[in-house]
Amino acid sequence: MFKKYVKQKSSIEKLSSKRKLKQFLIGFIVVFFLGAMYPSQSRAETLMTDEQSAIIDNIKDIVKQKKISHEEVAKLESELSKLGIDSATYFTPENPSELKQARGYSQTHDLGQGWKARVDKPTAGAKQQKPHVHVYKGKVEGVENVDGTKSHGQTLKEAGVPKSIQKKAKALKDYKKAQEDLKEMEKAKDKIEAKKLNLKKTADIIIAIGIFVAVVGLVIFATSSIAAWGAFLLLI
């Protein structure tokens, strides 16, 4: 009787071990495929091709010149069109070989207590020339530039967003990244103004786009959208 019991117990333990192994393998496969389908931020970062890096170097070489000829403007426009960086990506001027996801822009974050937040890139519409944050809950929505100035004609405080929620929104990594982008935009603005460009002329807009991309590393519009860039650059 005892031997029979031991044999049955041994069979049950083997079956349990097989089930655990099966569950582990299934879990591993699921995690592996989810990781492949939805890569983390660090895995989503990719290196630029040698061609893209060379293009950025060419853009920097052109825009740093005191005087830019018509031929060089045409070359700059060609280089920008070949760059292949869209509004979903950016590179840091200090390390242009690394192409990253444009972290945070237009992504929704849960702040708790029903409040949500979203950091948006600048746009040419409604004079939104700075990165800004939307904080909302139900019918209440506050908008504010990441430097604390009004956006859409208001601040978060004026919209009735609680201080504790404002603090959470401003602690977001995306918010801090947008503040860094704004500082770089100010540098680009200074360089554009130093060249005394007429941002109503196509050739000068192309030069200004080249300066903005070289300094900020962020593409707001497609590089071929000259009119949209012109409207935006006039505002910054």
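With numbering that gives the first Met the number 0 applied, the sequence shown covers 0 to 235.
Ideal placement from N, C-alpha and C gives every residue a C-beta, glycine not left out.
Proline 121 and alanine 230 have their alpha carbons spaced roughly 12 Å apart. DSSP lists Arg117 and Val142 as the bridge partner or partners of histidine 133. Glutamate 50 and glutamate 183 have their C-alpha atoms spaced approximately 25 Å apart. Distance from leucine 79 to isoleucine 235 at the Cβ level is roughly 18 Å; contact not present, criterion being Cβ atoms closer than 8 Å.
Note that the segment 164–184 touches the segment 214–221; at least 3 beta-carbon pairs, one per stretch, sit closer than 8 Å. Taken through DSSP and simplified to helix, strand or coil, threonine 201 comes out as helix.
At a Cβ-Cβ threshold of 9 Å, aspartate 173 and valine 118 count as neighbours. In the DSSP assignment, histidine 151 falls outside any alpha helix (DSSP H) and carries neither an H nor an E. Inclusion of proline 130 and aspartate 180 in the CB contact set at 9 Å is warranted, their separation being smaller than that value.
In the same chain as alanine 158, and ignoring 5 residues on each side of it, the C-beta atoms closer than 6 Å to its own belong to Gly141, in chain order. For leucine 110, the enclosing beta strand (DSSP E) has its first and last residue at 107–111.
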